[in-house]
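*Asks:* Everything in the sequence shown is counted per the numbering used here, starting at 119 for the first residue and increasing by one.
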Amino acid sequence: MQSPPPHPRKNLAAVRLPKRVGPPSAFSSPRMTRTPTAPKRVLFVDDETALLDLYRLAFEKEENRWDFEFTDAAAKALKLMDAAPFDVVVTDMRMPIMSGADLVLEVMKRHPQTSRLILSGYADQEQVARCIGATHQFIAKPVRLQALRSTICRVCTLDYLLGDENLRKLFAELRTVPSLPSLYFRINEAIACPDTSIEQVAEIVQQDPGMTAKLLQLVNSAFFGISRRITSPVEAVQFLGVGRLRSLVLSLHVFSCFDESKLGGFSLEKVWSHSISTGLVAQKIARQEKVDRATTDEIFVASVLHDIGKVMLASSMPERYCAAVRLRDAGEHTMVQAEREIFGASHCAVGAYLLGLWGLPGSIVEAIALHHEPERSGLAVFSPLSVVHAANVIEKDINTPIGHPDREKVNTEYLKAVGKADRLEDWEDGAREVLAPKN
Numbered sequence: 119m120q121s122p123p124p125h126p127r128k129n130l131a132a133v134r135l136p137k138r139v140g141p142p143s144a145f146s147s148p149r150m151t152r153t154p155t156a157p158k159r160v161l162f163v164d165d166e167t168a169l170l171d172l173y174r175l176a177f178e179k180e181e182n183r184w185d186f187e188f189t190d191a192a193a194k195a196l197k198l199m200d201a202a203p204f205d206v207v208v209t210d211m212r213m214p215i216m217s218g219a220d221l222v223l224e225v226m227k228r229h230p231q232t233s234r235l236i237l238s239g240y241a242d243q244e245q246v247a248r249c250i251g252a253t254h255q256f257i258a259k260p261v262r263l264q265a266l267r268s269t270i271c272r273v274c275t276l277d278y279l280l281g282d283e284n285l286r287k288l289f290a291e292l293r294t295v296p297s298l299p300s301l302y303f304r305i306n307e308a309i310a311c312p313d314t315s316i317e318q319v320a321e322i323v324q325q326d327p328g329m330t331a332k333l334l335q336l337v338n339s340a341f342f343g344i345s346r347r348i349t350s351p352v353e354a355v356q357f358l359g360v361g362r363l364r365s366l367v368l369s370l371h372v373f374s375c376f377d378e379s380k381l382g383g384f385s386l387e388k389v390w391s392h393s394i395s396t397g398l399v400a401q402k403i404a405r406q407e408k409v410d411r412a413t414t415d416e417i418f419v420a421s422v423l424h425d426i427g428k429v430m431l432a433s434s435m436p437e438r439y440c441a442a443v444r445l446r447d448a449g450e451h452t453m454v455q456a457e458r459e460i461f462g463a464s465h466c467a468v469g470a471y472l473l474g475l476w477g478l479p480g481s482i483v484e485a486i487a488l489h490h491e492p493e494r495s496g497l498a499v500f501s502p503l504s505v506v507h508a509a510n511v512i513e514k515d516i517n518t519p520i521g522h523p524d525r526e527k528v529n530t531e532y533l534k535a536v537g538k539a540d541r542l543e544d545w546e547d548g549a550r551e552v553l554a555p556k557n
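#1: Just reading off the beta strand (DSSP E) that T349 is part of, what are its end residues?
#2: Report yes or no: do three or more beta-carbon pairs, one from the stretch 400 to 413 and one from the stretch 263 to 275, lie closer than 8 Å?
#3: For the stretch 392 to 449, which segments carrying the beta strand (DSSP E) assignment without a break, of at least 3 residues, lie completely within its bounds, in sequence order?
#4: Whether or not the stretch 533 to 552 and the stretch 440 to 455 are in contact is what I'm after, with contact meaning three or more pairs of Cβ atoms, one per stretch, closer than 8 Å; do they touch?
#5: CB-CB under 6 Å to M329, same chain, minus the five flanking residues each way: which ones, in chain order?
#6: So, for Y302: in the same chain, excluding its five sequence neighbours on each side, which residues have a beta-carbon less than 7 Å away from its beta-carbon?
#7: According to DSSP, which residues form a beta bridge with V160?
#8: So, does the CB of R212 fall closer than 7 Å to a CB anywhere in chain C?
#9: Compute the distance between the beta-carbons of E426 and V295, then report whether it is under 7 Å.
#10: Flag this pair as touching only if the stretch 433 to 446 and the stretch 348 to 368 have three or more C-beta atom pairs under 8 Å; answer yes or no.
#11: Which class does Q324 belong to by DSSP, given the choice of helix, strand or coil?
#12: Just to confirm the assignment, what range does the alpha helix (DSSP H) spanning L172 have?
#13: Got a sec? Which residues, its chain only, sit under 7 Å from K287 by beta carbon, not counting five neighbours each side?
#14: Taking K259 as the reference, give the member of L266, A252, L280 and L237 with the closest Cα.
#15: Can you list the alpha helix (DSSP H) stretches of 4 or more residues lying completely in the stretch 456 to 492, in chain order?
#16: Are the CB atoms of L472 and V483 within a distance shorter than 7 Å?
#17: Using the Cα positions of L398 and F418, report the straight-line distance between them to the nearest angstrom.
#18: If you draw a straight line from the C-alpha of S421 to the C-alpha of P327, how long is it?
#19: Beta-carbon within less than 6 Å of L366's beta-carbon, same chain only, minus the 5 sequence neighbours each way: which residues are those?
#20: Note down, in chain order, each residue of its chain lying with its Cβ closer than 7 Å to the Cβ of H490, except the 5 sequence neighbours on either side.
#21: With a threshold of 6 Å on Cβ separation, who are the neighbours of F204 within its own chain once the five nearest residues in sequence on each side are excluded?
#22: Ignore the nearest five residues each way along the sequence and tell me which others in P299's own chain have a CB closer than 6 Å to its CB.
#23: Could you say which of V409, L503, D524 and G477 lies nearest to H451 if we only look at CA atoms?
#24: Count the other CB atoms, across all protein chains shown, that sit within 10 Å of the CB of K527; report buried if there are 16 or more and exposed otherwise.
#25: What span of residues does the beta strand (DSSP E) with I516 cover, start to end?
#26: Less than 7 Å separating the beta-carbons of L279 and A470?
#27: Is it right to say A331 is buried, meaning 16 or more other beta carbons lie within 10 angstroms of its own, or is it exposed?
#28: Leaving out five residues before and five after L196 in sequence, what residues of the same chain have Cβ atoms less than 8 Å from its Cβ?
#29: In the DSSP assignment, find the beta strand (DSSP E) that holds I270 and state where it starts and stops.
#30: Can you tell me whether A487 is buried or exposed? The criterion is at least 16 other CB atoms within 10 Å of its CB, across all chains shown.
#31: Exposed or buried, K408, counting other C-beta atoms within 10 Å across all chains shown (16 or more means buried)?
#32: With DSSP as the reference, label Q255 as helix, strand or coil.
#33: For V499, which of helix, strand or coil comes out of DSSP?
#34: Is H192 near L263, with beta carbons less than 7 Å apart?
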């Protein structure tokens with residue numbers, strides 16, 4: 119499973135059309151820059167009062183949409199949070215008495231629903247390692263205020279995906295997405311072996327969406343001080359190297375193993391197999407449409423991760439997920455409808471919420487959130503969402519038996535609106551080519 123060969127970046131083969139295909143939504147822009155109308159409470163924590171004054175000045179125009187508090191000590195921050203909940207906490211790493219690392223660890227225990235952002239520099243790596251599972255995003259110092267504003271805005275916007283506070287609390291606590299047991303043990307064995315190559319590690323990681331999601335969260339954080347965004351799992355492994363991965367996997371336990379004994383009827387292997395195959399189909403479509411390399415990487419990752427919410431729901435609430443499966447199998451509900459009936463949210467919303475919280479690009483979050491309902495994007499634009507929607511349906515059409523409740527149809531009206539309905543047959547031919555058994 120190789121990423122497409124690099125070539126000069128050129129315009130995406132996407133065409134903006136004047137026609138809208140549905141009502142505007144929180145995902146009308148791939149950057150997801152729309153802020154919610156309800157005020158969100160944001161707490162800044164930094165022992166340098168001059169920086170707090172700078173943040174206060176920079177964000178004063180946002181006070182009609184966000185409710186800000188500023189404090190110069192972690193202990194004071196905890197008292198404020200115990201008195202009234204906050205949606206987001208933004209803390210500096212280096213503070214006396216109680217560090218930012220200790221603060222987010224405590225916040226995760228007391229207020230797991232709060233989004234936790236840490237401002238850190240390269241010199242803070244030892245502290246960062248301590249709280250890597252408790253922090254949703256690391257933001258590099260020196261801080262660019264506009265970038266910080268955009269990050270806070272995107273995090274606050276994610277509430278549109280999960281209206282249930284209990285669900286937000288549950289998944290904001292999630293440190294990892296469980297991996298297939300076979301791949302979990304393979305990666306641990308490979309990392310522990312001194313002779314393991316980068317290529318061998320990358321081959322394992324790109325087979326597992328859970329590992330892919332976690333590595334992309336980490337590699338794009340300030341923890342590693344990278345100056346550009348990485349959206350390819352292979353490139354993430356190459357950047358980190360075996361030595362860093364050894365520390366992350368064996369010491370910091372950034373991967374976890376799925377316990378299938380909890381769910382007799384749920385097969386993680388089937389979910390991941392469909393996800394990987396969908397990624398291959400989407401990658402093929404992107405090549406057929408001459409999409410640039412960077413966007414193709416985003417399309418591949420979004421396709422591989424599009425069903426990650428199913429694993430989150432099944433591993434967190436197995437009995438309720440079994441109830442959703444039974445409801446779907448009764449024949450009157452799709453899986454998305456059954457999930458909304460049982461959980462109040464679909465796997466699409468749950469997966470998009472976590473990956474948005476982890477800081478993955480808006481185009482990936484949008485594609486995951488709307489891959490069953492692309493018309494809800496509100497824009498007639500050929501985008502990663504268009505490809506993920508088509509690839510998901512095409513893969514199921516090829517690999518899922520006729521009559522199975524998971525089969526669905528491509529939204530042809532949506533494809534017409536984005537100017538790609540006439541390409542569907544070629545996409546299907548390309549999918550059969552990449553999914554054909556290898557001799």
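The C-beta atom is built at its ideal place from N, Cα and C for all residues, glycine as well.
Owing to the predicted nature of the structure, the values given are computational and were not obtained by experimental measurement.
*Replies:* Walking through what the data contain:
#1: Taken as a continuous stretch (DSSP letters only), T349 belongs to no beta strand (DSSP E), as it is neither H nor E.
#2: They do not touch, by the three-pair rule.
#3: Complete beta strand (DSSP E) runs here, min 3: none at all.
#4: The stretch 440 to 455 vs the stretch 533 to 552: no contact.
#5: Take M329, set aside five residues on each side of it, and the residues of its chain with a beta-carbon closer than 6 Å to its own are S297, V323 and F373, in chain order.
#6: Take Y302, set aside five residues on each side of it, and the residues of its chain with a beta-carbon closer than 7 Å to its own are F373 and C375, in chain order.
#7: Its beta-bridge partners are F186 and V206.
#8: Considering every chain present, this structure includes no chain C. It has just one protein chain.
#9: Inspection of the sequence shows that residue 426 is occupied by Ile rather than by Glu. A distance below 7 Å separates the beta carbons of I426 and V295.
#10: The stretch 433 to 446 vs the stretch 348 to 368: no contact.
#11: Under the three-state reduction of DSSP output, Q324 falls in the coil class, being neither helix nor strand.
#12: That run of the alpha helix (DSSP H) goes T167 to A176.
#13: Around K287: P230 and Q231.
#14: Residue L237 is the option with its Cα nearest to K259.
#15: 465 to 475 and 480 to 487, all fully within the stretch 456 to 492.
#16: No, the pair does not count as a contact, with Cβ atoms beyond the cut-off.
#17: Straight-line Cα distance between these residues: approximately 7 Å.
#18: Going from the Cα of S421 to the Cα of P327 covers about 10 Å.
#19: Excluding residues up to 5 positions away in sequence, V372 lie with their Cβ nearer than 6 Å to the Cβ of L366 in the same chain.
#20: The residues are V454 and C466.
#21: The beta carbon of F204 is closer than 6 Å to those of R159, L161 and T232 in its chain, skipping five residues each way along the sequence.
#22: Here the set comprises C375.
#23: The residue from V409, L503, D524 and G477 with its alpha-carbon nearest to that of H451 is D524.
#24: Exposed, since its Cβ has fewer than 16 Cβ neighbours within 10 Å.
#25: Careful: I516 lies outside any beta strand (DSSP E), inside the alpha helix (DSSP H) at P502 to N517.
#26: Yes, Cβ-Cβ distance for L279 and A470 is below 7 Å.
#27: Buried, since its Cβ has 16 or more Cβ neighbours within 10 Å.
#28: Taken in chain order, the residues that qualify are L221, E224, V225 and R228.
#29: Careful: I270 lies outside any beta strand (DSSP E), inside the alpha helix (DSSP H) at L263 to T275.
#30: Classification for A487: buried.
#31: Of the residues assessed, K408 falls on the exposed side of the cut-off, its CB having fewer than 16 other CB atoms within 10 angstroms.
#32: Q255 sits in a strand when the DSSP states are folded into three classes.
#33: In the structure shown, V499 falls within a strand segment according to DSSP collapsed to helix, strand and coil.
#34: Reading the sequence as shown, one finds Ala at residue 192 and not His. No.
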